[in-house]
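Order-wise, the sequence lines are chains G and W.
The numbering used here runs 129 ahead of the 1-based position in the first sequence.
The numbering used here runs 69 ahead of the 1-based position in the second sequence.
To start, the structure itself, in structure tokens.
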Amino acid sequence: MTRHHVSRRDFLKRTTASAAAVTISAPAIAEGAPGRVVVVGGGFAGATCARALKRINPRISVTLVEASHAFTACPFSNNVIAGLRELKAQQFDYKRIEGSGIEVTFEPATRIDTDARTVVLSDVARVPYDRLVLAPGIDIRWDGLSGYTEAAAERMPHAWRAGEQTLLLRKQLESMEDGGLVVISAPANPFRCPPGPYERASLIAHYLKTRKPKSKILILDAKDAFSKQSLFLAAWKELYPDLIEWVPLSKGGRVTSVDPSTNTLTTEFGSHKAAVANVIPPQKAAHIAAVVGAANKTGWCPIDPVTFESKLQENIHVIGDASIAGGMPKSAFAANSQAKACAAALAKLLAGEKPEEPKLINTCYSLVAPDYGISVAGVYEPRNGQLTDVKGAGGVSPANAPRSARQLEANFANGWFKTITEEVFG
Amino acid sequence: MKRIYCLAALAVLFASTSAAPAIDVAPAGAAACSGCHPMSRAVETPFTRLTGRNPADIVTATQEFRTGQRPATVMGRLAKGFTDDEIKAIAAWYAAQKE
Numbered sequence: 130m131t132r133h134h135v136s137r138r139d140f141l142k143r144t145t146a147s148a149a150a151v152t153i154s155a156p157a158i159a160e161g162a163p164g165r166v167v168v169v170g171g172g173f174a175g176a177t178c179a180r181a182l183k184r185i186n187p188r189i190s191v192t193l194v195e196a197s198h199a200f201t202a203c204p205f206s207n208n209v210i211a212g213l214r215e216l217k218a219q220q221f222d223y224k225r226i227e228g229s230g231i232e233v234t235f236e237p238a239t240r241i242d243t244d245a246r247t248v249v250l251s252d253v254a255r256v257p258y259d260r261l262v263l264a265p266g267i268d269i270r271w272d273g274l275s276g277y278t279e280a281a282a283e284r285m286p287h288a289w290r291a292g293e294q295t296l297l298l299r300k301q302l303e304s305m306e307d308g309g310l311v312v313i314s315a316p317a318n319p320f321r322c323p324p325g326p327y328e329r330a331s332l333i334a335h336y337l338k339t340r341k342p343k344s345k346i347l348i349l350d351a352k353d354a355f356s357k358q359s360l361f362l363a364a365w366k367e368l369y370p371d372l373i374e375w376v377p378l379s380k381g382g383r384v385t386s387v388d389p390s391t392n393t394l395t396t397e398f399g400s401h402k403a404a405v406a407n408v409i410p411p412q413k414a415a416h417i418a419a420v421v422g423a424a425n426k427t428g429w430c431p432i433d434p435v436t437f438e439s440k441l442q443e444n445i446h447v448i449g450d451a452s453i454a455g456g457m458p459k460s461a462f463a464a465n466s467q468a469k470a471c472a473a474a475l476a477k478l479l480a481g482e483k484p485e486e487p488k489l490i491n492t493c494y495s496l497v498a499p500d501y502g503i504s505v506a507g508v509y510e511p512r513n514g515q516l517t518d519v520k521g522a523g524g525v526s527p528a529n530a531p532r533s534a535r536q537l538e539a540n541f542a543n544g545w546f547k548t549i550t551e552e553v554f555g
Numbered sequence: 070m071k072r073i074y075c076l077a078a079l080a081v082l083f084a085s086t087s088a089a090p091a092i093d094v095a096p097a098g099a100a101a102c103s104g105c106h107p108m109s110r111a112v113e114t115p116f117t118r119l120t121g122r123n124p125a126d127i128v129t130a131t132q133e134f135r136t137g138q139r140p141a142t143v144m145g146r147l148a149k150g151f152t153d154d155e156i157k158a159i160a161a162w163y164a165a166q167k168e
């Protein structure tokens, strides 16, 4: 097998300079090197995995492929919508990651040549890998809700990928007159951040309660049950009586179409004209997952629960929101937890060793008010080919807990965001 | 004889370099803790630091969270997902980590 001897840096320089397609297909592992891993996607899953790999074995060559120079975090973006926080506090760059021996390539991955084990970037530069980690996050299903197009999202923001959409929703709330109707449409499972729509309703209610107290929030839901439901419902009764109305699937809550020209959401039971409409649409694993054939007909990616290797594509591992992770929700905590377990498995696989069975954790905090936090937690392990809840562990915050406990969980929520973003980007 | 000796030495050398030491990864569950408990000194959070701590203290605290003896928010729920052996391994690993 022939092989061009070029360093990663020279290789990148050369390809960028000439914009020529250069393929190096011989896996580095054949020469006894610890191997090359390419991570596609620099969010909580991908950036964590790249760093964890370098920490476990600094000799592994790690390339992070990410289209954007700045990452905008979704957790705590509901605070931005409610005017409690600025978007800047959600944004992180990749300087520290670049400084930790990881090659960061700021280009989108357009396709993956699985035979040659190379990631093809937009300018036809190619990055070879022995193992590929896909951590691309979610895409909106633009064909998933009648009338909800990319243009419609400019009038009826989803704000489900943080950034401009977050600010758009905030601006609409700020310019809404007192007495306006805010409609939030929540999708069926699975979707990113299961308690997210309800935390969002809570924090918008917190904003409206003092600024625009005659207003109302209507949640139209495609489900009959949601994460931390009893805690949310009890807290709404206590903090925001008559301000939030939740309409479940069985009461006609499922939105079947939207009309951005009139800001109207239609269910099987009727139509609601909103002053502000927040449409949280159906989702799927981001495009690249389907392009490489790692997503199944559900739109998400089935994985092995020990190695996170795709069940559909060899040598490709999928972590974070894009994966079907059994009992684990699509959360930043879960993504971070999966990323570290995946990195450990990759280090073992590249060294020709057997990966150990992981144990994973998720903790999701939600703020019902800035000083009122609730949580759901879980512990997971591989069982019958799935990441499964460890029996007897996990669950939600207790009902009827004193306000001091809610305050404590709000403090922990803030602390968690600082810890995890420091670990991932700091 | 000398040549044979040299070859043997080379063989030993080769064996020791090619059979790289086993990849040292954190015990099951340990990596997940740092989602909340910071490994870095640079971050100020209300979470207890685990790195460099006496492992017996980590084991005791986690076991008390598990039984409900020690008041908790999420740790009571999480500790129930780990066996004594797992808790001991995680505690030993954090104790050995540099801050």
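All residues carry an ideal CB built from backbone N, CA and C; glycine is no exception.
Does at least one heavy atom of the ligand SAH sit under 8 Å from the Cβ of residue i?
{"i": "Leu216 of chain G", "result": "For the structure depicted, the ligand SAH is absent and the ligand set is empty, with no information on it obtainable."}
Within 9 Å of any Cβ in chain W, is that where the Cβ of residue i sits?
{"i": "Pro156 of chain G", "result": "For Pro156 of chain G, the pLDDT reaches just 45, beneath the cut-off of 50, and the residue's location in the model is therefore unreliable, although a value from the coordinates is still provided. Pro156 of chain G does not count as touching chain W."}
{"i": "Gly544 of chain G", "result": "yes"}
{"i": "Phe541 of chain G", "result": "yes"}
{"i": "Val408 of chain G", "result": "no"}
{"i": "Gly228 of chain G", "result": "no"}
{"i": "Leu537 of chain G", "result": "yes"}
{"i": "Lys488 of chain G", "result": "yes"}
{"i": "Ala159 of chain G", "result": "Confidence at Ala159 of chain G is low in this model, with a pLDDT of 43, below 50, so its placement is unreliable and no value can be given for it."}
{"i": "Ala364 of chain G", "result": "no"}
{"i": "Gly308 of chain G", "result": "no"}
{"i": "Thr117 of chain G", "result": "Any question about residue 117 of chain G goes unanswered here, given that chain G covers just 130 to 555."}
{"i": "Ala534 of chain G", "result": "yes"}
{"i": "Ile549 of chain G", "result": "yes"}
{"i": "Lys477 of chain G", "result": "yes"}
{"i": "Glu552 of chain G", "result": "yes"}
{"i": "Gly266 of chain G", "result": "no"}
{"i": "Gly171 of chain G", "result": "no"}
With distance defined between alpha-carbon atoms, name the residue in the options nearest to residue i.
{"i": "Ala464 of chain G", "options": "G:Leu302, G:Ala202, G:Arg225, G:Pro163", "result": "G:Ala202"}
{"i": "Gly101 of chain G", "options": "G:Ile549, G:Arg180, G:Ile267", "result": "The question about residue 101 of chain G has no answer, for chain G in this structure spans 130 to 555."}
{"i": "Arg184 of chain G", "options": "G:Ala470, G:Pro257, G:Ala211", "result": "G:Ala470"}
{"i": "Asn513 of chain G", "options": "G:Ala454, G:Leu378, G:Lys547", "result": "G:Ala454"}
{"i": "Tyr277 of chain G", "options": "G:Ala199, G:Asn392, G:Glu195", "result": "G:Asn392"}
{"i": "Leu297 of chain G", "options": "G:Leu362, G:Val209, G:Lys338", "result": "G:Val209"}
{"i": "Glu215 of chain G", "options": "G:Ala199, G:Arg299, G:Thr234", "result": "G:Arg299"}
{"i": "Ile348 of chain G", "options": "G:Leu360, G:Asn407, G:Ala176, G:Val168", "result": "G:Asn407"}
{"i": "Phe205 of chain G", "options": "G:Asp244, G:Trp271, G:Trp289, G:Leu250", "result": "G:Trp289"}
{"i": "Ser331 of chain G", "options": "G:Met305, G:Leu360, G:Glu306, G:Lys343", "result": "G:Leu360"}
{"i": "Arg340 of chain G", "options": "G:Leu213, G:Val256, G:Gly555", "result": "G:Leu213"}
{"i": "Ile313 of chain G", "options": "G:Leu394, G:Lys366, G:Ser275", "result": "G:Leu394"}
{"i": "Lys520 of chain G", "options": "G:Asn529, G:Ala528, G:Gly507", "result": "G:Gly507"}
{"i": "Val262 of chain G", "options": "G:Glu367, G:Asn444, G:Asp222", "result": "G:Asn444"}
Our contact map puts residue i next to residue j with C-beta atoms below 8 Å; I'd like the distance itself, whole angstroms only.
{"i": "Ile489 of chain G", "j": "Tyr509 of chain G", "result": "With the sequence shown as reference, residue 489 of chain G is identified as Leu, and Ile is not the correct amino acid for it. 4 Å between Cβ atoms; contact."}
{"i": "Leu302 of chain G", "j": "Val405 of chain G", "result": "6 Å"}
{"i": "Phe151 of chain W", "j": "Gly98 of chain W", "result": "6 Å"}
{"i": "Ala415 of chain G", "j": "Ile226 of chain G", "result": "Contact doesn't hold; Cβ gap of about 20 Å is too wide."}
{"i": "Pro316 of chain G", "j": "Asp353 of chain G", "result": "Not quite, the Cβ-Cβ distance comes to about 13 Å (not below 8 Å), so this is no contact."}
{"i": "Ala403 of chain G", "j": "Tyr501 of chain G", "result": "About 26 Å; that fails the 8 Å criterion."}
{"i": "Ser495 of chain G", "j": "Pro324 of chain G", "result": "5 Å"}
{"i": "Ile503 of chain G", "j": "Ser466 of chain G", "result": "In fact, because the Cβ distance is near 20 Å, the residues do not count as touching under 8 Å."}
{"i": "Val435 of chain G", "j": "Ala474 of chain G", "result": "6 Å"}
{"i": "Glu195 of chain G", "j": "Val233 of chain G", "result": "7 Å"}
{"i": "Cys493 of chain G", "j": "Pro458 of chain G", "result": "7 Å"}
{"i": "Ala100 of chain W", "j": "Val128 of chain W", "result": "That pair is no contact at about 18 Å."}
Any beta carbon from chain G within less than 9 Å of residue i's own beta carbon?
{"i": "Ile92 of chain W", "result": "yes"}
{"i": "Lys149 of chain W", "result": "yes"}
{"i": "Ala97 of chain W", "result": "yes"}
{"i": "Thr169 of chain W", "result": "Any question about residue 169 of chain W goes unanswered here, given that chain W covers just 70 to 168."}
{"i": "Ala111 of chain W", "result": "yes"}
{"i": "Lys157 of chain W", "result": "no"}
{"i": "Ala161 of chain W", "result": "no"}
Worksheet item: Residues in the stretch 116-127 of chain W with C-beta within 8 Å of chain G's C-beta atoms, listed in sequence order?
Response: Within the stretch 116-127 of chain W, the qualifying residues are Phe116.
Worksheet item: Which parts of the stretch 438-519 of chain G are runs of the alpha helix (DSSP H), unbroken and 4 residues or longer, counting only runs that do not cross its ends?
Response: The qualifying runs are 461-479.
Practice prompt. Counting only runs of 3+ residues fully inside the stretch 335-399 of chain G, write out the beta strand (DSSP E) ranges in chain order.
Written response: The qualifying runs are 345-350, 373-376, 384-388, 393-396.
Worksheet entry | Residues from the stretch 442-475 of chain G in contact with chain W, defined by Cβ distance under 7 Å | The residues in question are Phe462, Asn465, Ser466, Lys469, Ala470, Ala473.
Worksheet entry | Chain-ordered residues of the stretch 133-147 of chain W with a beta carbon less than 8 Å from chain G | Within the stretch 133-147 of chain W, the qualifying residues are Thr142, Val143, Arg146, Leu147.
Worksheet item: Quick one, which residues of the stretch 173-192 of chain G are near chain W if we go by CB-CB under 8 Å, in chain order?
Response: Legend: CB atoms of the stretch 173-192 of chain G lying less than 8 Å from CB atoms of chain W belong to residues Ala181, Ile185, Asn186.
Discussion item. What are the residues in the stretch 335-348 of chain G lying within 7 Å of chain W by C-beta distance?
Written reply: Those residues of the stretch 335-348 of chain G that come within reach of chain W (Cβ to Cβ, closer than 7 Å) do not exist; the list is empty.
Fill in: Within the stretch 218-298 of chain G, ranges of the beta strand (DSSP E) (whole runs, at least 3 residues)
Correct list: 220-222, 232-234, 238-242, 247-250, 255-257, 260-263, 267-269.
Fill in: Contacting positions in the stretch 480-512 of chain G - beta carbon closer than 7 Å to chain W
Cβ contacts with chain W: Ala480, Glu482, Glu485, Glu486, Pro487, Lys488, Leu489, Ile490, Thr492, Ser504, Ala506, Val508.
Fill in: Contact set between the stretch 511-530 of chain G and chain W, restricted to residues whose Cβ is under 8 Å from the partner
Per Cβ criterion, the list reads Val519, Gly521, Ala522, Gly523, Gly524, Ser526.
Discussion item. To test your reading of the DSSP string, which unbroken alpha helix (DSSP H) runs of 4 or more residues are found completely within the stretch 102-140 of chain W?
Written reply: Listed in chain order, the complete alpha helix (DSSP H) runs (minimum 4 residues) inside the stretch 102-140 of chain W are 124-136.
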